[in-house]
Every structure is written in structure tokens, then in C-alpha cells.
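Numbering (the working numbering), first residue to last: 2 to 451. Below you'll find the structure, written out as C-alpha cells, and then a few comments.
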RNA sequence: GGUGGAAUGGCCGAGAGGCGAGGCAAGGGACUGCAAAUCCCUCUACACGGGUUCAAAUCCCGUUUCCACCUCCA
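Here it is as C-alpha cells:
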């Protein structure tokens, strides 16, 4: 049985689902720019949970939202609208563009698609009716500025996920000036904001023309698509507060139930010692990895070498190491034939189920790789078993490179030089070929390249 | 100030009371005309101070340092 660390109870708990089914929600991207590999680490977490849960025999339904409206950078400045100004194209085009690129990046990291990707902009009615219900039942109110706010103090267990207490939250910290005084309490948050001068991405509601707050979208979409009971809610550690705390308050106030059974959070990725962020200037995109001639799955491999709930420091050195191990393992798998037979391994299975102990599973694979007692076909079957969860595409056979005519000429001349034992010329040509992107190997049967 | 974590060799990183994970880098060797690749070998650590124990990197107390969150964040 799969076991995971649960944030609210701070314990490793059994993941049982109900009636053999697991309902999962993973907070998705705000589509105003490319996802960097740090963002993708979180989506990899949900992918690992899905894969491990399926291995444990559960059926999984995964819903991941696309935030294409309502995510404020500062008050009244929507991230997508500001990017739309930068790129000088329609905000919905911005959202569409980056949503497509998000899906492409997921595919490059072998992250299985969710069952449903609801868009915030297409869920406005769900949010409006959720907000109406919250106002009706006294969980929300209309502030003096016309915005609708959630009343944090009306929700008794606020803070259960993050450990923050309402009375300990620093009042006034990064307080938005325009909201000053409009809210009853500093920790209240906006469910719906009045448009004022804003003309794009606004909707008509009972409270006037406006747009939704960020937190309400996940409550509205998860309740609509997964129902009143969600087994697992996954996201990055930074969403623990305030996003998930607020979401829990909203959802529970709507359903009268503990809507989400387990909250699961992935830790942050650091790059060369610092949190990956635009302001630190250390953002790495999947494309950057590809541009350095590394397999994008090297990033996946590097992530798997660390437990999901420890901060990890990614470096180019670790990506290069991952890349070469990946190549070596693919040749181990290829050497084992072409069978798709899978042999399960208790030790690896235990590692996966024990709170996604992927480092241990990789260690076990390294031991299998070295074990002379295991024949190549069995090695292949064991690696294929692991790959169901690891998703490293270990059966991939390297594509044969197509030689340019220039490369063919160089190879031919080198072969002739070698027959003449003209090693100076042979070495010169090797240098040219390497500059040309071909690695040359000389063996007993002559030269080969890759 | 509140909250959640972390500290292991040149570097990255598992391990959670008892035979020194593994990887990368480096050095040596085999192979090679020379390389590359591959294979073999070598190097060996648990932040600090106390305590518990036959036995502590691992448990307890304290200290120091670092990271993250506290209303933009994966």
C-alpha cells in the first residue's frame, strides 16, 4: 500500500482512496510564462503519486487546473494581463500559448497527462455560485470597497495545514494599500474583485463587473470535477500558505465537510544553492537542458535521486551525471532483448510505496545493474518494472544519427588514413568530426561513431 | 516575532542504534598507435557541546549555522 507524508497531520499515512479509486487534485500552473524545472518538480510529484498509486492497484482520477485568470502579482495587476502588455498580444492568447508549452514540457519529462485540465476562465460561473453560497452562509462578506472577502475568523480551524495561527500572522505584512480598511480583518482574502479601470478578463456578477481571486478557483473546480470529497491535494510547499489554507477554508465552508483527506506538498528546487526564481536569475527551462545536449529526462532522473520533500540543489554537474547514467541504463535494457516482460521486485516496490523513496529504488537498480548473477533478460524485466514508476523511458533505443555528406567524407578519409597508419591525419580528422558533433570510437573492428 | 525543514567525504547525496550506499570529480591500472568509451582499483565522512547505551551519523537535551513560508510564488 502506498504511504505518503501528509502535511496537516505531519505523519506518513496510508493512501487508500475509496472503493479502489483515488481522487486527486494538483494545483496547476499560471500560464503567463514558461514553467521552469522547479515548477515541474511539483508536477513530477503528482505524476509519481499517480504511477505509484496505480502500481498499488488503485484507479486514479487526476484533475489539474490551468490558472489563466485571477492570479495577482500585486493588487489589480493580473500576471497574465501584464505579460499580455509585454508581448503585445491578447491575454487569452498569452494563456493559450503558455498552456500549450506547459503540456509540451510535461511530455518532455514523461509526466502523464491529467484526466482533466479545467481552465479558470471557463469556470467563472462555478466560482460565482460558490461565492454566492459563501456569502449566504456567512463565511464571506462584501467589503467597503465592493470586493467580496472570505471571513477568515469564521473558519475555526484556519491554520491547520500550515501551522500558522491567525493571531500570529503579521498584520500589515505586504498589505495592499488599496484594500486598506476594506477588509474586516487583515487575514481575510478576496474572492471577487471589482474591475474598476480594468477592461480585459472581467465578468458580470451580482457584485458588479469584476474578476475572481486566485484561491477560489481551486475550490470551485475541485468540487465541481471531483465532488465533495477529494482524497489527495498536491502542490508546491509554498502553496501550503496561504493558497491551500484558504482553499481548505473555502471548500470546507461550502461542503460542511473536511473536503480534502490528505494534503501533500513537494519541497522547492534550488539551483546552484538558491531558490529558482526569476529575481535570482537562476531559472532553468526544459529547453535550456535540451540546448546543452542533455536529455530532458536527466532532470527527471536528478529529481528522482532526491526525496520529494527535501529541498534539493540542482546543478549542471548533477544533470550531466544523470544524463550519462540514463544512457548507460538504456543500453542495459537494450542488451536484455526486446521482450516487454516485467518482473516485479519487492525491494523497489517497497521503496516506491514508502513515501516515494525513489533514491532507494535507484540504488536498488544500480545494484541490479552490477549483479553478475542476474542475466541480461531478467535485468531488462526488472528495469522495466521500475520504469513504470520512474518514467525514464528506459526502453528508448537511441535514434541513429543521419550523417551529413561532409561527415561521411570525413569518416571515409579518416578510415583511409588509418589504413595507411597516418595517425597524425587520423587525429586531425577526429578533431574535425568531434567539432562536427560526432564522437569517434576506435575498436578492434575499426572506427565507429555516435 | 510566528511556522516548517536541514547540517554526512573535493562535490552531490542515501542511511534513522551494531558488518563504512551510491554517484560525480580526482588519482592509479587494463585496453588503445594516441585518445575516447568501457572495465578494475584507490581516497572515506557524519556541524558543535553534553547525555542515554555494551554500542550513536542515527535516540535525548542544549548550542551554532543554513534554507524555506508568513497574503506574488511549484
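Don't be surprised by glycine CBs; every beta carbon is placed ideally from N, CA and C.
Extract the residue ranges of the beta strand (DSSP E) inside the segment 308 to 353, only unbroken runs of 3 or more that lie entirely within it. 313 to 315
How many angstroms separate the CA atom of residue 136 from the CA atom of residue 235? Locating residue 136 in the first chain gives position 135, counting from the first residue. Locating residue 235 in the first chain gives position 234, counting from the first residue. Residue 136 and residue 235: Cα-Cα distance of roughly 27 angstroms.
Beta-carbon proximity list for residue 85, same chain, < 6 angstroms, skipping 5 on both sides: Taking the first residue of the first chain as 1, we reach residue 85 at position 84. If we look at residue 85 and ignore the five residues flanking it on each side, its Cβ neighbours are 92, 95.
Assigned secondary structure, residue 176 (DSSP; H/G/I helix, E/B strand, else coil): Stepping through the first chain from its first residue, residue 176 is reached at position 175. Unreliable placement is indicated for residue 176, whose pLDDT of 40 sits below 50; the coordinate value is still reported in the next sentence. Residue 176 falls in the coil class under three-state DSSP.
Do residue 70 and residue 122 have their C-beta atoms within less than 7 angstroms of each other? Here the question's residue 70 lines up with position 69 in the first chain. Here the question's residue 122 lines up with position 121 in the first chain. Yes, the Cβ-Cβ distance between residue 70 and residue 122 is below 7 angstroms.
Local conformation of residue 432 per DSSP, three classes: Locating residue 432 in the first chain gives position 431, counting from the first residue. Helix.
Compute the Euclidean distance between the alpha carbons of residue 177 and residue 187, then round it to the nearest angstrom. The count along the first chain starts at 1 and reaches residue 177 at position 176. The count along the first chain starts at 1 and reaches residue 187 at position 186. Reliability of the predicted coordinates at residue 177 is poor, the pLDDT of 42 falling under 50, and the value obtained from them is presented with this limitation in mind. The straight-line gap from Cα to Cα measures roughly 10 angstroms.
Where does residue 161 fall in DSSP's three states? Mapped onto the first chain, residue 161 falls at position 160. In this structure, residue 161 counts as coil in the three-state DSSP scheme.
Could you pull out every residue in the same chain whose Cβ sits closer than 7 angstroms to the Cβ of residue 458, ignoring the five residues on either side in sequence? Limits of the chain in this structure are 2 at one end and 451 at the other, which puts residue 458 out of reach.
Nearest residue (CA-CA) to residue 2, options 33, 352, 198, 78: Counting from one through the first chain, the residue named residue 2 turns up at place 1. Closest option to residue 2, Cα to Cα, is 352.
Cα-Cα separation, residue 241 to residue 226: Your numbering for residue 241 matches position 240 in the first chain. Your numbering for residue 226 matches position 225 in the first chain. If you take the alpha carbons of residue 241 and residue 226, they lie about 22 angstroms apart.
Backbone CA spacing between residue 179 and residue 243 [nearest angstrom]: Taking the first chain and counting its residues from 1, one reaches residue 179 at position 178. Taking the first chain and counting its residues from 1, one reaches residue 243 at position 242. Per-residue confidence for residue 179 stands at a pLDDT of 42, beneath the threshold of 50, marking its modelled position as unreliable; the derived number appears in the next sentence. Using only the alpha carbons, I get a separation of about 20 angstroms.
Looking at the secondary structure, which residues open and close the alpha helix (DSSP H) in which residue 215 lies? As a working note, residue 215 is residue 214 in the first chain. Note, residue 215: alpha helix (DSSP H), 215 to 227.
In chain order, each alpha helix (DSSP H) run of at least 4 residues that lies wholly inside the segment 230 to 291: 246 to 256
Could you check which residue in 348, 300, 283 has the C-alpha nearest to that of residue 326? For the purposes of this step, residue 326 is identified with residue 325 of the first chain, where counting begins at 1. The option with the nearest alpha carbon to residue 326 is 300.
Quick one: is residue 454 buried, meaning 16 or more other Cβ sit within 10 Å of its Cβ, or exposed? Examination of residue 454 is not possible in this model, given that the chain is present from 2 through 451 alone.
Whole-angstrom distance between residue 229 and residue 458, CA atom to CA atom: One cannot answer for residue 458 here, as it falls past the ends of the chain, which runs 2 to 451.
Run the CB neighbour count on residue 291, radius 10 Å, all protein chains shown included, and call it buried at 16 or more, exposed below. Here residue 291 is taken as the residue at index 290 of the first chain, counted from 1. Under this definition residue 291 is an exposed residue.
Would you mind reading off the limits of the beta strand (DSSP E) that contains residue 441? As a working note, residue 441 is residue 440 in the first chain. 441 to 444 is the span of the beta strand (DSSP E), which, as asked, contains residue 441.
Beta-carbon proximity check, residue 37 vs residue 271, cutoff 7 angstroms: The count along the first chain starts at 1 and reaches residue 37 at position 36. The count along the first chain starts at 1 and reaches residue 271 at position 270. For residue 37 and residue 271, no; Cβs fall outside 7 angstroms.
Compare the Cα-Cα distances from residue 116 to each of 23, 194, 125, 102 and report the closest residue. To locate residue 116, count along the first chain from 1; it is residue 115. The shortest Cα separation from residue 116 among 23, 194, 125, 102 belongs to 23.
So what does DSSP say about residue 355, is it helix, strand or coil? Here residue 355 refers to the residue found at position 354 when the first chain is read from its first residue. Three-state DSSP puts residue 355 in a strand.
Which residues bound the alpha helix (DSSP H) around residue 413? Numbered from its first residue, the first chain carries residue 413 at position 412. First-last of the alpha helix (DSSP H) with residue 413: 406 to 420.
Under 7 angstroms, do residue 210 and residue 203 count as touching if we go by C-beta distance? Sequence index remark: in the first chain, residue 210 carries index 209 (1-based). Sequence index remark: in the first chain, residue 203 carries index 202 (1-based). Yes.
Please list the terminal residues of the continuous alpha helix (DSSP H) segment that includes residue 7. As a working note, residue 7 is residue 6 in the first chain. Here residue 7 belongs to no alpha helix (DSSP H); instead the beta strand (DSSP E) covers 4 to 7.
Buried or exposed by the 16-neighbour rule on C-beta atoms within 10 Å, applied to residue 437: Counting from one through the first chain, the residue named residue 437 turns up at place 436. Label assigned to residue 437: exposed.
What first and last residue would you give for the beta strand (DSSP E) that runs through residue 194? In the first chain, residue 194 corresponds to position 193, counting from 1. Note, residue 194: beta strand (DSSP E), 190 to 195.
Own chain, CB closer than 7 angstroms to residue 216, minus 5 neighbours either side, in chain order: In the first chain, counting from the first residue as 1, residue 216 sits at position 215. Once the five neighbours on either side are set aside, the close Cβ partners of residue 216 are 190, 244, 247, 248, 251.
What are the start and end residues of the beta strand (DSSP E) that includes residue 15? As a working mapping, residue 15 is identified with position 14 in the first chain. Here the beta strand (DSSP E) through residue 15 covers 12 to 15.
Assuming contact is defined by CB atoms lying nearer than 7 angstroms, are residue 266 and residue 7 in contact in what I supplied? Counting from one through the first chain, the residue named residue 266 turns up at place 265. Counting from one through the first chain, the residue named residue 7 turns up at place 6. Result no, Cβ atoms of residue 266 and residue 7 do not sit closer than 7 angstroms.
Report the residue ranges of all alpha helix (DSSP H) runs contained in full by the segment 58 to 137; include only those spanning at least 4 residues, in chain order. 80 to 88, 92 to 109, 125 to 137
Please classify residue 297 as buried or exposed, where buried requires at least 16 neighbouring CB atoms within 10 angstroms. Residue numbering aside, residue 297 sits at position 296 when the first chain is read from its first letter. It counts as buried.
Three-way DSSP call (helix, strand, coil) for residue 141 in this model: Start at 1 with the first residue of the first chain, and residue 141 comes out as number 140. The answer is strand: DSSP assigns residue 141 an E or B state.
I believe residue 110 touches residue 59 by the beta-carbon criterion, under 8 angstroms. Please report the beta-carbon distance rounded to the nearest angstrom. Indexing the first chain from 1 puts residue 110 at position 109. Indexing the first chain from 1 puts residue 59 at position 58. In fact, because the Cβ distance is near 23 angstroms, the residues do not count as touching under 8 angstroms.
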